[in-house]
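K.L.:
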Amino acid sequence: MSRGKLLSIKKRVQSTESLKKITKAMEMVATARVKKVEKNLEGVREFLNETKRILENIEFVGNHPFITGEGKKALVVISTDMGLCGAFPTEIGRAALNFVEKEGIDYVYAIGNKTIPFFKKHKSTRRIYERIYDVPTFDFAKTLTNDLVNDGVGKIFVVYGKFKNRLMQKPEIVQLTPIEIENTKSSRYEYEPELENLVDSALVFYVATSIYSYAYETKVSELYSRQNAMRNATENADEVIRELTLEFNKERQASITQELIEIVSGAQALQEE
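Residue 10 is where the sequence shown starts when you use my numbering, and the numbers rise one by one after that.
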């Protein structure tokens, strides 16, 4: 066996070890980041629950599109800006694309750089928000909600990465508007400003809060997906190194055996002479 083959295997082992160091470091970074982000997830969910309670205690009046559902039908796609998190962003993109074709969506509002392959040239794409935040903010959610209002959207769907547990993060589609709350409240309260204006503001606030919550949950799912993907990559690198090392040892042993055979054969030839 030539020394070139042994050198090639050795270089592959070294490059795989270098890759393993990178994936291990990225796993550690994702773990550190997800701990900081996840600790605020319950607060964000509670924020959404309290917003729902506000709506439940308001008498719905007026004909806001978020109540009637009249207007354009929109899908908000919440994905990621970065990759290296397994099939997570791809699953969100495919689920969103299938839903758009199935439901006849008028406008698509795509969040995240990883939505570009799916919606950059799609006829329904209204806006793509790239690298808007590292961690979702309520200010961005308000900006997106204002875009929906200004574009005359009445029915809103959201596809996001639902965080089920640390090992499972899957895309989920929810209908956000029209908001279905039974109008059972009587006018026992006096409102300032007028009730209709208050209802309009409360509806916009609720949609923004919902988008903020779904975006935050998607971010937690993204970090866990990246952590799992990097852990799997590290384990795969270990397996590749083990197999390459075994192959290297076998080839080296074969080379040594071949050299010994040549030495013995040469010695015997000399003796015969």
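Think of the CB as a built atom: it goes at the ideal place given N, C-alpha and C, for glycine as much as any other residue.
1. Do residue 81 and residue 160 come within 9 Å of each other at the CB atom, strictly closer than that value?
2. When the Cα of residue 141 is compared with those of 41, 133, 167, 152, which residue comes out closest?
3. Shortest alpha-carbon distance to residue 250 belongs to which of 154, 21, 15?
4. In the DSSP assignment, the alpha helix (DSSP H) including residue 151 goes from what residue to what residue?
5. Cutting at 6 Å between CB atoms, please list the residues of its own chain near residue 114, excluding the five before and the five after it.
6. Excluding the 5 residues preceding and the 5 following residue 99 in the sequence, name in chain order all residues of the same chain whose CB lies nearer than 7 Å to its CB.
7. For residue 77, count neighbouring Cβ atoms within 10 angstroms of its own Cβ and tell me buried if that reaches 16, exposed if not.
8. Give the straight-line distance between the Cα atoms of residue 259 and residue 253, rounded to the nearest whole angstrom.
9. Leaving out five residues before and five after residue 93 in sequence, what residues of the same chain have Cβ atoms less than 8 Å from its Cβ?
10. Can you grab the Cα-Cα spacing for the pair residue 44 / residue 174, in whole Å?
11. Tell me, to the nearest whole angstrom, how far the beta carbon of residue 87 is from that of residue 227; I am working on the premise that it is less than 8 Å.
P.N.:
Judging by the given coordinates:
1. yes
2. 152
3. 21
4. Element bounds for residue 151: 147 to 159.
5. 82, 84, 133
6. none
7. exposed
8. 10 Å
9. Excluding residues within five positions, the ones whose Cβ falls inside 8 Å are 35, 235, 238, 239.
10. 14 Å
11. With a beta-carbon spacing of about 5 Å, residue 87 and residue 227 fall inside the 8 Å limit used to define contacts.
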